[in-house]
Amino acid sequence: MISYKYKLYRTKKTKHLDKMLREACYVWNHALALQKRYYKLYHKYIPRFTMYKHFSKCYKPTLLNCQTVREVLDRLDISYKRFFKHDAKRPPKFKKAIEFGSFAFQQNGYSLSGNEFVINKIKKSFKFSLSRPYDGKVKRVSVKRNKLGEYFIVLCLDKQAESYGKSHDGASVGIDFGLKKYMTLSDGREIDNPQFLKTDLLELRRRSRNLSKCKKGSNNRKRKKLELERLYQNIVNKRSDFQWKMAHELCKRYDLICLEDLNLEGMKRNWGRKMSDLAHGDFVLKLEHVAKKYGVQVHKIDRFFPSSRLCTCGYKNDKLSLSDRVWTCPICGAVHPRDLFAAENILRQGIAELGSGSKPSEQSQGCSHVSHPTIPCK
1 MISYKYKLYR
11 TKKTKHLDKM
21 LREACYVWNH
31 ALALQKRYYK
41 LYHKYIPRFT
51 MYKHFSKCYK
61 PTLLNCQTVR
71 EVLDRLDISY
81 KRFFKHDAKR
91 PPKFKKAIEF
101 GSFAFQQNGY
111 SLSGNEFVIN
121 KIKKSFKFSL
131 SRPYDGKVKR
141 VSVKRNKLGE
151 YFIVLCLDKQ
161 AESYGKSHDG
171 ASVGIDFGLK
181 KYMTLSDGRE
191 IDNPQFLKTD
201 LLELRRRSRN
211 LSKCKKGSNN
221 RKRKKLELER
231 LYQNIVNKRS
241 DFQWKMAHEL
251 CKRYDLICLE
261 DLNLEGMKRN
271 WGRKMSDLAH
281 GDFVLKLEHV
291 AKKYGVQVHK
301 IDRFFPSSRL
311 CTCGYKNDKL
321 SLSDRVWTCP
331 ICGAVHPRDL
341 FAAENILRQG
351 IAELGSGSKP
361 SEQSQGCSHV
371 SHPTIPCK
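Sequential numbering from 1 applies to the sequence shown in UniProt numbering.
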């Protein structure tokens with residue numbers, strides 16, 4: 001199963017999609033109110049199929065078909081189950097119509113022809129930008145709206161993901177994520193921190209101030225809010241583009257990529273906005289996704305492994321502080337740049353755990369270090 005995302009052209013007919021989202025939001029809030037009321041009275045949870053029966057008898061949708069209503073109920077059921085399993089911190093909450101961002105068709109209720117998408121119940125057609133052709137059986141169609149009011153269509157196809165052909169030479173690399181540098185590789189390369197949020201932070205503050213001065217409910221406030229959301233979306237797009245390109249570059253070069261299983265939530269509590277700007281967690285997800293297509297193995301070592309403190313001779317430097325970027329081993333006398341040495345230790349530990357025949361890439365063997373050029377982000 002793979003998904004393709006296309007942008008819908010903005011026309012006057014998109015107001016019908018706004019109405020459908022409002023109705024989907026009403027279904028969500030009504031079902032959530034039923035769950036809360038039932039739990040307050042009987043201390044029980046309404047099963048999903050019982051909710052199906054209730055809505056099929058008591059609610060007649062005007063714009064949505066029955067499968068779209070059930071898809072909204074499925075999402076609410078999944079949210080509650082995640083809360084019961086302690087995967088979510090809090091139960092699902094009521095939503096405003098402007099916050100509700102998507103609805104989906106499972107098997108019917110729509111038709112596709114080229115770059116034209118037709119919703120059968122409202123008998124309206126919408127054209128989208130066919131940025132790449134799609135083939136295979138369409139299993140699910142989702143209509144999504146972002147905070148800028150732009151609409152996208154996501155096609156879920158019943159086909160295998162395409163694999164990229166590459167020559168596998170067994171090269172491997174260790175990655176150490178950092179704050180000053182986005183990442184340091186065990187072959188000596190350093191990737192600069194792009195700092196997309198920090199670059200536009202002054203402009204964000206200026207637009208936020210302008211928004212706060214506008215009268216609530218005025219057209220001027222709506223316009224200023226749209227300008228602020230557009231800048232946020234631009235930052236997200238630049239960060240995502242950088243991460244996708246970096247993931248492809250790494251998967252083209254190496255067959256084994258070792259990295260640490262970091263406690264990103266804890267790091268966010270300590271470093272706040274800077275860690276959110278780096279978005280290492282999003283990059284790892286993209287890297288794992290791209291690695292499957294290239295046939296590259298991504299291995300995570302334990303987060304408690306002392307990658308930057310453990311010398312190759314076996315000495316562990318417990319007195320190392322965050323400000324110490326270079327340290328010398330008192331046993332063997334080796335000089336270790338902290339980030340580069342951590343990346344090398346991550347690679348060695350990863351290969352040891354896998355027990356594979358992967359070979360470290362050039363310049364990543366041994367514990368003697370030389371200066372390497374820094375790669376500027378493009």
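For every residue, glycine included, the Cβ atom is placed at its ideal position computed from N, Cα and C.
Exposure label - residue i; buried when at least 16 CB within 10 Å
| i | result |
| --- | --- |
| K224 | buried |
| P47 | exposed |
| D176 | buried |
| S212 | exposed |
| L130 | exposed |
| E249 | exposed |
| P133 | exposed |
| T68 | buried |
| I78 | exposed |
Alpha carbon of residue i to alpha carbon of residue j, nearest angstrom
| i | j | result |
| --- | --- | --- |
| I122 | L73 | 21 Å |
| K215 | R207 | 15 Å |
| T11 | E353 | 56 Å |
| R303 | N263 | 7 Å |
| G357 | I351 | Because G357 sits at a pLDDT of 49, beneath the cut-off of 50, its placement in the model cannot be relied upon, and the following sentence gives the value as read from the coordinates. Looking at the two C-alpha atoms, the distance is approximately 8 Å. |
| N65 | H43 | 31 Å |
| G188 | H299 | 19 Å |
| L340 | Q233 | 34 Å |
| K147 | F242 | 22 Å |
| W244 | R269 | 26 Å |
| A161 | M1 | 7 Å |
| W271 | H289 | 27 Å |
Which of helix, strand or coil DSSP assigns to residue i
| i | result |
| --- | --- |
| S276 | helix |
| K139 | strand |
| G236 | Looking at the sequence provided, one finds Val at residue 236 rather than Gly. Helix. |
| Q297 | strand |
| Y42 | helix |
| F117 | strand |
| S131 | coil |
| E99 | coil |
| R10 | coil |
| D192 | strand |
| Y26 | helix |
| I257 | strand |
| S125 | strand |
CB of residue i within 8 Å of CB of residue j, strictly
| i | j | result |
| --- | --- | --- |
| D158 | G174 | no |
| F345 | L278 | Looking at the sequence shown, residue 345 is not Phe but Asn. Cβ atoms of N345 and L278: not closer than 8 Å. |
| V143 | L155 | no |
| L21 | A97 | yes |
| S186 | A33 | no |
| N115 | K124 | no |
| F83 | W28 | no |
Notebook entry, point to check: Enumerated in chain order, which unbroken segments of the beta strand (DSSP E) with a length of 3 residues or greater are wholly contained in the segment 147-190?
Noted result: You should have 151-158, 171-177 and 181-185.
Notebook entry, point to check: Can you list, in chain order, the stretches of the beta strand (DSSP E) that have 3 or more residues and sit fully within the segment 39-93?
Noted result: Runs of the beta strand (DSSP E) inside the segment 39-93: none found.
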